[in-house]
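*Asks:* Next up is a structure, given as structure tokens.
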Amino acid sequence: MSFWGKLFGEFVDVIEWTDSSSDTMVYRFERYGNEIKYGAMLTVRESQTAILVSEGRAADFYEPGLYQLETRNMPILTTLESWPHGFKSPFKAEVYFFNMRRFTDLKWGTKNPIMLRDKEFGPLRLRAFGTYSVRIKEPLAFVKEIVGTGGHFRTDDISSQLRNLIVSRFSDIIGESGIPALDLAANYDELGAYITERIAPEFSEYGLEVLQLLVENISLPPEVENALDKRTSMGIIGDLGRYTQFQAAEAMAAAAQNPSGGASEGIGMGMGFAVARELGKSFSEQSSAQPVTPPPLPASTVYFVAIAGHQEGPYELKVIEQKVRSGEINRDTLVWSTGMAEWMQAGQVPELSAAFVHMPPPLPG
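Per my numbering, residue 45 is the first one in the sequence shown, and the count goes up by one each step.
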């Protein structure tokens, strides 16, 4: 510090810190030789906490408010220091300001894929990333464990350590959960809440409090994603035969719109033949796959019979054969059916003649 800076520093009696950044967690108020004027005014704003450090030891804590640094406001420091000159000279101490607000949108993610065994797909490699938010819970512990003697501490100075801690716990939890890979997206909130609960004690050792951890995405390797997309496409297509027909028809329509002449005409003709061949193949496969339906059964012929001068029936052929065997109908019995011009003897009807093969002819005279 220059001579003029030292000189004016002796007259400056206002100690405060306004943060223009969004990532500063701890700031040490700089004074030449750490000399703070007795009776100086200390301003601690909302979302801030200040600690007075003397000879490497935390002397007093200050919550938001305006304080005059004198004996009655520094009971701890008073017992640590000898105050010569009637408490009028500067005393050597440091003031650390802690930003107690919530630090949001801190990133975490896996540097290398996580190996796990999936019930459906077998061995898999997964990547994951998300965000989390923290705030300082115990300023003194944070200074001892993390900040040390640094005068300006940002979130970047600790984000790598916190990220490694989160990824380690995430890998352990996702491996033990047994959740299928296709169901992970439905459990992002539950995973985030469970990881937050698991890592809270470890963050607390650093004087920090993890407020929320979000799992934004869990992804598969590109090769596995491509294979999964193909499998999904096959499920959406459904009937492969119909899809082939549709593709063939689309190709024929596109070939018909191509300009004719020269090499393009030959290429278009070859494509047309190939498409037609595939179309015919798909149609033949489809037709061969369809079950063969037999033709309908023919309608049976019925006959009316004249027995003892009375018309009876109609009777089907099986009934006529039974009556022939019983003797009710013989060769001379008159019968009629649809399509016959007049009544005929049963023995002269070709369809009924077979019924009289085993029947003896009538007795002579």
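Note that beta-carbon positions come from the ideal geometry of N, C-alpha and C, so glycine has one too.
For clarity, every value in this text was computed on a predicted model and none was experimentally measured.
(1) So for ASP149, helix, strand or coil by DSSP?
(2) So the candidates are ALA292, SER98 and ILE364; which of them puts its Cα closest to the Cα of GLU79?
(3) From THR240, ILE95 and ASP273, pick the residue whose C-alpha is nearest to that of ALA185; which is it?
(4) Hey, MET69 and ILE210: beta-carbon distance below 8 Å or not?
(5) Using 8 Å as the threshold, is the C-beta distance between TYR238 and ILE218 below it?
(6) Look at the alpha carbon of VAL191 and the alpha carbon of LEU255, and state the distance between them as a whole number of angstroms.
(7) For THR175, list the residues DSSP reports as bridge partners.
(8) How would you call PRO183, buried or exposed, if buried means at least 16 neighbouring beta carbons within 10 angstroms?
(9) Per DSSP, SER263 forms a beta bridge with which residues?
(10) To which residues of the same chain is GLU260 closer than 7 Å at the C-beta, ignoring the five residues directly before and after it?
(11) Could you spell out where the alpha helix (DSSP H) holding VAL363 opens and where it closes?
(12) In angstroms, rounded to a whole number, what distance separates the CA positions of ASP63 and THR199?
(13) Where DSSP assigns a beta bridge to ALA244, which residues make up the other side?
(14) Contact between the segment 342-362 and the segment 376-388: three or more CB pairs below 8 Å?
(15) Which stretch, first to last residue, makes up the alpha helix (DSSP H) that contains GLY219?
(16) Quick check on this structure: which residue in PRO167, ALA297, SER65 and GLU356 has the alpha carbon closest to the alpha carbon of GLY222?
(17) Nearest CA to the CA of PHE147: which residue from GLU386, ASP67 and ASN270?
(18) Taking the alpha carbon of ASN143 as the point to measure from, which residue in GLU90, ASP162, ASP149 and SER212 has its own alpha carbon closest?
(19) Helix, strand or coil for GLU90? Go by DSSP, reduced to three states.
(20) What is the rounded straight-line gap between the Cα of VAL401 and the Cα of TYR359?
(21) Should ALA399 and GLU365 be called a contact, given that it needs their Cβ atoms to be closer than 8 Å?
(22) Kindly indicate which three-state DSSP category ILE351 falls into: helix, strand or coil?
(23) Which value, in whole angstroms, describes the spacing of the CA atoms of LYS188 and ASP57?
(24) In this structure, how does DSSP classify ASP273 when only helix, strand and coil are distinguished?
(25) Nearer than 7 Å: is that true of the beta carbon of TYR111 relative to any heavy atom of the ligand COA?
(26) Suppose contacts are defined by Cβ-Cβ distances below 8 Å. Is ALA230 in contact with ASP162 by that definition?
(27) Taking 8 Å as the cut-off, decide whether the C-beta atoms of ARG213 and TRP152 are in contact.
(28) Would you kindly work out how many angstroms separate the C-alpha atoms of ILE262 and ARG171, rounded to a whole number?
(29) What residues are listed by DSSP as bridge partners for TRP380?
*Replies:* In brief:
(1) Reading the sequence shown from its first residue, position 105 is the one you call residue 149. The answer is strand: DSSP assigns ASP149 an E or B state.
(2) Counted from its first residue, the sequence shown places residue 79 at position 35. Comparing Cα-Cα distances from GLU79 to each of ALA292, SER98 and ILE364, the minimum goes to SER98.
(3) Reading the sequence shown from its first residue, position 141 is the one you call residue 185. That would be ILE95, whose Cα lies nearest to the Cα of ALA185.
(4) Counting from one through the sequence shown, the residue named residue 69 turns up at place 25. Counting from one through the sequence shown, the residue named residue 210 turns up at place 166. Contact: no.
(5) Along the sequence shown, one-based indexing puts residue 238 at 194. Along the sequence shown, one-based indexing puts residue 218 at 174. Taking 8 Å as the Cβ cut-off, TYR238 and ILE218 do not qualify as a contacting pair.
(6) Residue numbering aside, residue 191 sits at position 147 when the sequence shown is read from its first letter. Residue numbering aside, residue 255 sits at position 211 when the sequence shown is read from its first letter. In a straight line, the C-alpha of VAL191 is about 21 Å away from that of LEU255.
(7) Residue 175 sits at position 131 when you count from the first residue of the sequence shown. LYS151 and LEU258.
(8) By 1-based counting over the sequence shown, the position of residue 183 is 139. Under this definition PRO183 is a buried residue.
(9) The residue you call residue 263 lines up with position 219 of the sequence shown. Looking at the DSSP output, SER263 shares a beta bridge with ARG171.
(10) The residue you call residue 260 lines up with position 216 of the sequence shown. Result list for GLU260: PHE173, GLY174 and THR175, in chain order.
(11) As a first step, residue 363 is located in the sequence shown; it is residue number 319 there, counting from the start. VAL363 -> alpha helix (DSSP H) spans 361-370.
(12) Translated into the one-based positions of the sequence shown, residue 63 becomes position 19. Translated into the one-based positions of the sequence shown, residue 199 becomes position 155. Their Cα atoms are separated by approximately 14 Å.
(13) By one-based count along the sequence shown, residue 244 stands at place 200. Looking at the DSSP assignment, ALA244 forms no beta bridge with any residue, so it has no partner.
(14) yes
(15) Numbered from 1 along the sequence shown, position 175 holds the residue referred to as residue 219. It spans 200-221 - the alpha helix (DSSP H) in which GLY219 sits, taken as one unbroken run.
(16) Taking the first residue of the sequence shown as 1, we reach residue 222 at position 178. Residue PRO167 is the option with its Cα nearest to GLY222.
(17) Within the sequence shown, residue 147 is the residue found at index 103, counting from 1. Nearest C-alpha to PHE147: ASP67.
(18) As a first step, residue 143 must be located in the sequence shown, where it is residue number 99. Measuring from the Cα of ASN143, the nearest candidate turns out to be GLU90.
(19) Working through the sequence shown from its first residue, we reach residue 90 at position 46. Looking at GLU90 - three-state DSSP - the assignment turns out to be coil, as it is neither helix nor strand.
(20) Mapped onto the sequence shown, residue 401 falls at position 357. Mapped onto the sequence shown, residue 359 falls at position 315. Those two C-alpha atoms are separated by around 20 Å.
(21) Counting from one through the sequence shown, the residue named residue 399 turns up at place 355. Counting from one through the sequence shown, the residue named residue 365 turns up at place 321. The answer is yes: Cβ separation under 8 Å.
(22) If you number the sequence shown from 1, residue 351 lands on position 307. Of the three classes helix, strand and coil, the one that applies to ILE351 here is strand, per DSSP.
(23) Counting from 1 along the sequence shown, the entry for residue 188 is found at position 144. Counting from 1 along the sequence shown, the entry for residue 57 is found at position 13. One C-alpha to the other measures close to 28 Å.
(24) Locating residue 273 in the sequence shown gives position 229, counting from the first residue. Three-state result, ASP273: helix.
(25) For the structure depicted, the ligand COA is absent and the ligand set is empty, with no information on it obtainable.
(26) Position 186 of the sequence shown holds residue 230. Position 118 of the sequence shown holds residue 162. Going by C-beta atoms, ALA230 is not nearer than 8 Å to ASP162.
(27) For the purposes of this step, residue 213 is taken as the residue at position 169 of the sequence shown. For the purposes of this step, residue 152 is taken as the residue at position 108 of the sequence shown. With a cutoff of 8 Å on beta-carbon distance, ARG213 and TRP152 are scored as not near each other.
(28) As a position in the sequence shown, residue 262 is number 218, starting the count at 1. As a position in the sequence shown, residue 171 is number 127, starting the count at 1. Straight-line Cα distance between these residues: approximately 6 Å.
(29) Residue mapping note: residue 380 aligns to position 336 of the sequence shown, counting from 1. Partner(s): PHE348.
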